[in-house]
Each structure stands twice: as C-alpha cells, then as structure tokens.
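If you read the sequences in order, they're chains P and X.
Residue 90 in the working numbering sits at position 69 of the first sequence, with consecutive numbering throughout.
Residue 97 in the working numbering sits at position 22 of the second sequence, with consecutive numbering throughout.
Just so it is clear, CB atoms sit at the ideal spot from N, CA and C, and this is done for glycine as well.
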Amino acid sequence: MTETTQRDEVERRLGETLRAKAAQVVELDAATFDAATFGGSGLGDLVATTPRTRRRVVAIAAVLTVAAAATASVLVMRARPHGSIVATESSVPSSSTPTTAPPSPPNPIAAPLVAPSWLPDGQQLWSLTSSTQGGTGFPTQLFGTVAADGTLAPGLLVELQPASPGDGLGGSGTHVTVRGQNGLARASKDAGDAPFEIDWIERGAYVRVTVRGATADQAVTALDALRPRGGSLMTGFEPASAPAGYPLLGERLMPAPDVSATFEYSAAPPTTGATPDFTVLSDMAGSYPGYLRIWMAGHRAPDGTTVELDPGVGFYVAWPDGRDVVVESDANHPDPTVLEHIARSATKLDKAAAAALAAEAQARVDALPWLGDAPLASGEITLRGTGSATAVCFQVLGADPACSNPFSLNAGVDGGGSNGALPGYAGSAAIGGTWYVFVAASAEPSFSVNGGRDTALPAETGRIGDTHVAVVAVPDGVDHVEVLVPTGPGQGAGTGFSRPSG
Amino acid sequence: MGVTETGVGTADGQIAGVASFDEIFAAARAPMVRIAFLIVGSRAVAEEIAQDAFAGLFTRFDTVDNPTAYVRTAVVRGAVSWKKRRAMEADRLARIDDPGPTGIGDIDTTWDALRALRPERRAVLVLRYYEDLSHGDIAELLGCPVATVRTRLHRGLSDLRKELER
C-alpha cells in the first residue's frame with residue numbers, strides 16, 4: 022500500500038466508522054427517552070434524567086467499582102487528593118539524584134524533529150514528547166496568483182478525498198454545475214477568511230475547492246478548464262491545463278512519514294493546574310494544516326514560508342519542505358511578534374540533541390521541590406511540586422528519574438492518557454528495557470490490561486502521607502494499561518497509557 | 076408566549092415561530108444521542124447526556140435564541156466533559172454498552188482505535204468527520220480557539236493512525 026492510500030485510508034475509514042456506528046443507535050427506546058419527562062405542572066416537576074436511564078448507568082458504575090475494588094488489595098477512599106504531604110518514615114529527603122553521566126530521557130525520542138531555538142528570556146522547557154507518524158491529509162493542489170503581499174488573488178485550494186459509491190455532498194448551499202457535475206457553493210469551512218468553497222464528486226473523488234479572490238462563476242470557469250492527471254481525480258489535475266491566472270503554485274500528493282513533537286514552556290515552575298506559557302507543536306513533514314492551507318488562509322512571506330496568525334491564539338509557519346510549527350500561547354502572551362519569533366527560530370535537531378533536550382526537561386521536573394517519597398521494590402516514587410504536588414517521578418536505582426508531565430494531571434511522559442480529572446498524577450516510562458506505569462493518587466489505584474477483557478496487573482504500592490503511590494512493571498506483550506482510581510461510591514476516574522515507542 | 080401541551084415552555088416566535096420544545100425534542104433527540112454516543116462510546120451514557128442537555132434547554136427555553144444549537148452545544152460539551160471526567164469508567168461502559176460489532180472488520184477496528192483517543196481529540200474528529208462542521212463551528216461548540224481545533228484535529232488523526240498501526 023502506498024503512503025497516499027494509507028493516508029487516505031485513515032480518513033475514509035473514520036468517516037465510514039462514525040456513520041456505521043451512529044446508525045446502530047437509530048432505534049431509540051421511546052419509553053426511556055420521552056419528551057413528557059420534561060412536562061408536568063412546573064419546573065419543580067422537571068426530572069433531569071429518566072429514573073430508568075439513571076439507574077442503568079449507576080448500576081453499571083457500581084459493578085465496575087466493585088470490580089475495581091476487587092483488583093486492589095486495599096481500597097481506601099480519601100476526600101482530599103493532595104492535602105498535607107509528608108515523607109514516610111522510611112524515606113529520605115533528597116533533591117534530584119546527582120549523576121555523573123549525561124542524563125538520558127526515559128522514553129525513546131523520535132527524531133530528527135523540529136524544535137524552537139529561541140524563547141523569551143526566562144522561559145524553560147518542562148515537557149518534550151515526540152512520535153513518528155505516517156502522515157495524514159488529503160492530496161492537495163493550490164492554483165492561483167500571488168499578490169504583492171503574498172496573499173492569493175485569486176486562489177483555488179483543491180482538496181481531494183476518496184469518494185465511495187453512494188456518497189453525497191451533504192449540507193446545503195447554492196447549486197452550481199462544475200465540470201459537468203452537480204456541485205454546491207457554500208461558505209468556506211476552514212480556510213481563514215476565504216469567502217466560499219465549491220464541492221462536488223467526480224471520478225472517485227470528493228472534491229473540495231476553497232476559493233479566495235474570485236467569484237463563483239470565475240472559479241467554475243477556471244475549474245472547468247483543468248484536466249485530470251489520470252483516470253481517478255485522486256492524482257490531481259494536470260498543471261499544464263491550468264488557465265491563465267491560475268498556475269499551479271504547489272501540491273502535496275505523497276506526504277512523507279512525519280515526526281511530530283510537542284514542547285511546553287513556562288517561566289515559572291509549574292504549579293498544580295497551571296498551563297504552559299507557550300506550547301509549540303512541530304512536524305517534520307506535516308500535512309495538516311500544511312504549507313498550502315496556511316498559505317490559503319494567510320500569506321507567503323518573502324523567504325518562502327507561509328504564515329498565518331490566529332489573533333490572540335497562535336501563530337502558524339510552514340516551510341516548503343514540509344516542516345511546520347504552531348506556537349500556541351496562553352492569554353498572558355498574545356504578542357504575535359513573540360509567537361512569530363518563536364516559530365521562526367525552529368531548527369532541525371538530530372536524535373542525540375532531541376534526547377538531550379527531553380532529558381533536560383525531565384531533570385527540571387525532577388528538580389522541583391521535594392514533597393515526599395516512597396521506596397518500592399522496583400524503585401523510588403517521589404512527589405514534586407511547589408506547595409502542592411505537580412508531578413510524580415519514578416526512579417529505578419542507577420537510572421535517571423522519569424516524571425509525569427507537570428502541566429497535565431494525568432498525562433504520562435509518553436504523552437498518552439486523557440487529561441481528565443484523575444485525582445492524582447500518573448506517568449509512564451521505559452527504563453532499562455522495562456515499561457513502568459507509576460501513579461500517585463488520593464486512593465489506591467488499580468491497573469488493568471485493555472485487551473477486550475480486563476486483566477488486573479499486580480502493582481507495588483506504598484504511601485506518601487495521605488497519598489497512595491503505586492508502580493507496575495508491565496509484562497512484555499501488553500501494549501496498553503489502564504489506571505483506575507476510586508473517587509467515590511460507584512465512581513472512579515482513570516487514564517490509559519500506551520507502551521512508549523520511538 | 077404560549078403554552079405547550081405539556082404545560083410549560085414554548086418556542087413561539089423563537090426560531091421562526093415554528094418549533095415548540097416538544098417538536099425540537101422529537102426532531103433532535105436521536106441526532107443528539109448519536110453525537111454523544113460517538114464521543115463517549117456508550118449508548119446509555121449518551122442518552123443520559125442528551126437527556127441532561129434537553130433538561131437544561133427546558134429550563135431556559137424562553138430565553139434561548141437557538142434551541143437546537145443550544146442543545147447541541149450542551150450535548151457535545153457534556154459528552155467531552157463526561158469522557159474526560161470518567162475516562163476509565165467510560166471505556167469500560169463502552170465495552171459493556173456498545174451496540175456491538177458491526178461485523179465489518181475495518182469499522183470495528185477503527186471504532187476500537189477511536190476509543191483510545193483523548194476525549195477532546197475524539198470529539199473534534201466526530202464533529203469534523205461525522206457532523207462535517209467547520210473548524211469555526213467546532214471551536215464554538217467546544218468553547219475553544221480555532222487554532223486549538225486545528226491542532227486537535229491534526230493530532231487526533233495522527234493518534235488514530237498510530238492506533239490503527241498497532
């Protein structure tokens with residue numbers, strides 16, 4: 022299978038899956054879901070949910086809690102997840118473990134990757150994750166003329182999605198005839214301030230053309246002139262057939278495998294619930310939004326990059342070779358010149374440099390104030406933070422510590438997990454060839470294998486003050502682990518981790 | 076304002092003077108349950124979320140300009156919030172309460188892969204590839220910036236691909 026078909030396959034399968042699964046919910050139980058529920062003599066009679074539905078959910082949740090409790094040797098419920106945290110008697114206060122050898126990241130770092138080389142004074146990296154991606158997106162071509170300011174005047178962004186028999190255009194709009202097909206002209210979905218798009222289906226492709234700087238009639242005339250490259254439109258239009266004023270400006274038909282990376286920066290040490298000052302998302306060969314789409318929504322700069330500013334939100338920059346960087350900022354750092362400076366400072370890092378950067382971030386988290394630790398058989402778990410915990414770290418004797426992401430309550434160093442309200446902190450790391458998942462929480466967590474049926478994993482457990490800590494060495498062959506922490510009668514919160522991969 | 080046959084609330088004059096609460100409920104409940112189901116993966120929970128959303132609409136019906144948009148926003152945000160708040164429980168409920176495999180390999184595999192995604196990313200994929208909403212509409216529904224929608228969409232597709240490659 023080629024990369025193009027692999028890429029198309031993900032989005033096609035996603036659309037089909039969502040439609041097929043939604044169709045399974047067509048037959049609703051009228052007795053369960055009755056409009057009369059909301060009626061009665063007044064708001065005092067309002068029942069937010071039908072008793073039957075509520076009972077059903079509560080019953081299932083109760084069963085799950087019993088099952089969760091059964092997997093843990095001791096089930097202790099605590100009201101406050103992180104009250105006063107003190108060291109256990111057997112533990113010894115320590116700062117970050119001194120090492121003579123250069124630190125190494127706890128997980129493989131996919132590389133080479135694109136990393137910013139400039140941040141405002143005082144900004145420090147607290148988290149770096151990266152992974153290899155196969156690339157997603159649709160074949161895309163951009164036709165048009167470049168104005169003096171780098172915008173498109175006009176511009177036609179052609180996106181080609183595979184169409185299946187029976188596919189329709191969906192939605193509403195103004196009917197147009199384009200290339201002999203029935204099409205719809207309607208407000209643009211995605212491309213910045215582009216006024217409209219034209220959609221139609223032709224030769225096995227759902228074609229979406231976003232138009233900028235042209236009327237619908239002008240766009241249709243230009244599109245009518247284009248000749249397909251092959252029997253299917255999925256290979257795009259022949260550039261030589263482009264009419265005057267609409268030369269091919271760029272195309273992306275076969276995206277290369279990508280390495281995507283996420284960097285989180287903050288000037289101040291993270292505190293509980295804090296968000297980073299700057300988040301940088303980078304791709305070595307990004308397909309979305311990608312060079313052409315950013316151009317369509319923004320402009321091409323004199324140096325050949327395409328840029329787009331979402332005011333007050335973030336700055337996008339893409340290079341012709343496929344690299345792209347998105348700099349997001351919290352409300353305290355909306356200065357677009359700063360965002361652009363960060364984005365444009367991006368450079369390519371090889372594996373060694375990227376690994377050193379990731380290890381530096383991990384060491385920084387491990388250097389946060391010590392709040393307590395618990396020695397376990399596999400290694401030592403430490404809680405770190407300023408005032409209250411913001412991260413849990415795990416260190417195997419002789420190895421560098423691995424810490425959870427200090428900006429995510431329960432995300433691991435592999436970036437896995439959900440950003441939900443797990444009452445604690447959880448991380449995951451590959452250390453010395455063993456994959457560990459470690460947790461600090463308000464109640465004793467349980468670990469299970471998510472493989473169609475739940476299989477409890479034995480964990481080493483301990484306490485740091487009121488906080489329950491646990492670590493599990495995940496057996497080979499298990500690639501996904503779920504963590505569950507009871508939060509109350511019939512309730513639990515949890516997250517999942519996938520085996521780290523570089 | 077008039078009075079509906081069930082006694083309280085009306086939509087007279089609110090959305091072109093055509094829909095009462097009952098009519099909106101009748102027309103929108105199934106689509107709302109489907110959207111919630113695609114995000115949380117459990118039909119029972121989806122019904123619960125939709126019911127809560129309609130309950131919220133019912134109490135505000137006289138003051139809501141666009142009831143359908145209101146209830147859809149409530150359903151999407153409720154589903155994401157539920158999934159985030161109770162991720163583990165949601166996953167387990169989904170296994171118990173899923174309507175079952177379709178018997179079509181690709182679809183069942185992709186559905187399983189969707190379960191592994193973060194709720195925010197899954198919601199963006201559902202809204203984009205099932206509801207066919209624009210980035211701006213998704214941002215409005217989720218109450219987040221457009222740029223965040225874009226990055227979640229990008230990362231969601233990447234995550235999904237990784238899951239499918241496992």
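Where residue i falls, given that 16 or more other Cβ within 10 Å makes a residue buried
| i | result |
| --- | --- |
| MET305/P | buried |
| GLY393/P | buried |
| PRO264/P | exposed |
| PRO479/P | exposed |
| GLY453/P | exposed |
| THR223/X | buried |
| SER233/X | buried |
| SER262/P | exposed |
| PRO496/P | exposed |
| GLY204/P | buried |
| ALA461/P | buried |
Proximal residues to residue i (C-beta, below 8 angstroms), its chain only, five neighbours per side dropped
| i | result |
| --- | --- |
| ARG225/X | HIS210 |
| PRO216/P | ALA208, SER209, VAL232 and ARG233 |
| ALA237/P | THR195, VAL197, ALA206, PHE217 and ILE219 |
| VAL132/X | Per the sequence shown, residue 132/X should be read as Leu rather than Val. PHE96, ILE99, VAL139, PRO142, TYR145, VAL146 and ALA149, listed in sequence order. |
Bridge partners - residue i, DSSP secondary structure assignment
| i | result |
| --- | --- |
| SER366/P | In DSSP, SER366/P forms no bridge with anything. |
| SER303/P | ALA282/P and VAL346/P |
| GLY393/P | LEU404/P |
| GLN416/P | GLU401/P |
| ILE130/P | In DSSP, ILE130/P forms no bridge with anything. |
| ASN203/P | THR198/P |
| ALA226/P | PRO183/P and GLU223/P |
| TRP456/P | ALA451/P and VAL495/P |
| TYR446/P | ALA461/P |
| SER148/P | GLU285/P |
| THR327/P | ARG321/P and ALA339/P |
| ARG233/P | GLY176/P |
| ALA208/P | PHE217/P |
Distance, residue j Cα to residue i Cα
| i | j | result |
| --- | --- | --- |
| ALA131/P | SER152/P | 5 angstroms |
| TYR457/P | PRO278/P | 28 angstroms |
| ALA128/X | GLY218/X | 16 angstroms |
| ASP170/P | THR300/P | 29 angstroms |
| VAL417/P | LEU208/X | 48 angstroms |
| HIS229/X | SER303/P | 11 angstroms |
| ASP356/P | ILE363/P | 11 angstroms |
| PRO176/X | GLY116/X | 12 angstroms |
| GLY307/P | SER138/P | 19 angstroms |
| ARG33/P | ALA420/P | 44 angstroms |
| VAL139/X | VAL151/X | 17 angstroms |
| ASP181/X | GLU259/P | 33 angstroms |
| TRP157/X | VAL146/X | 16 angstroms |
| THR293/P | THR38/P | 38 angstroms |
| VAL31/P | ARG236/X | 6 angstroms |
| ALA184/P | ALA41/P | 16 angstroms |
| ALA322/P | PRO341/P | 11 angstroms |
| ALA412/P | GLU206/X | 38 angstroms |
| VAL348/P | GLY178/X | 43 angstroms |
| LEU389/P | PHE415/P | 14 angstroms |
| ALA191/X | GLY311/P | 25 angstroms |
| THR172/P | ILE315/P | 10 angstroms |
| VAL201/X | LEU35/P | 9 angstroms |
| GLU272/P | ASP371/P | 28 angstroms |
| GLY343/P | THR166/P | 21 angstroms |
Contacting residues, own chain, Cβ-Cβ under 6 angstroms from residue i (five flanking each side not counted)
| i | result |
| --- | --- |
| GLU361/P | PHE336 |
| ALA198/X | ILE114 and VAL155 |
| ASP345/P | ASP304, GLY307 and ALA339 |
| ASP245/P | ARG200 |
| LEU269/P | PHE164, PRO260 and ALA263 |
| VAL493/P | VAL458, PHE468, LEU478 and ALA480 |
| ASP66/P | Because ASP66/P sits at a pLDDT of 26, beneath the cut-off of 50, its placement in the model cannot be relied upon, and the point is left open. |
Cβ neighbours of residue i in the same chain (closer than 7 angstroms, five flanking residues each side left out)
| i | result |
| --- | --- |
| ARG203/X | ILE213 and LEU228 |
| GLY126/X | The residue asked about is misnamed: residue 126/X is Gln in this sequence, not Gly. Nothing meets the Cβ criterion. |
CB contact check: residue i to chain C, cutoff 9 angstroms
| i | result |
| --- | --- |
| LEU313/P | Here the protein chains are P and X, and chain C is not one of them. |
Query raised in the report: Is the number of C-beta pairs between the segment 130–147 of chain P and the segment 199–207 of chain P that are closer than 8 angstroms three or more?
Result: The answer is no - the segment 199–207 of chain P does not touch the segment 130–147 of chain P, with fewer than three Cβ pairs under 8 angstroms.
Report task. Would you check if there are 3 or more beta carbon pairs closer than 8 angstroms linking the segment 94–108 of chain X to the segment 119–138 of chain X? Result -> The segment 94–108 of chain X is in contact with the segment 119–138 of chain X.
Requested in this report: Would you check if there are 3 or more beta carbon pairs closer than 8 angstroms linking the segment 479–487 of chain P to the segment 496–509 of chain P?
Outcome: The segment 479–487 of chain P, when compared against the segment 496–509 of chain P, does not touch it at the 8 angstroms Cβ threshold.
Requested in this report: Specify whether the segment 171–178 of chain P and the segment 231–239 of chain P touch according to this definition: at least 3 beta carbon pairs, one from each stretch, less than 8 angstroms apart.
Outcome: Contact between the segment 171–178 of chain P and the segment 231–239 of chain P is present, because at least three Cβ pairs lie under 8 angstroms.
Requested in this report: Determine contact between the segment 379–388 of chain P and the segment 411–428 of chain P, defined as no fewer than three beta-carbon pairs at a distance below 8 angstroms.
Outcome: Cβ pair count under 8 angstroms is three or more, so yes.
Report task. Take every Cβ of the segment 280–292 of chain P, pair it with every Cβ of the segment 237–257 of chain P, and state whether three or more of those distances are shorter than 8 angstroms. Result -> Not touching, per the Cβ criterion.
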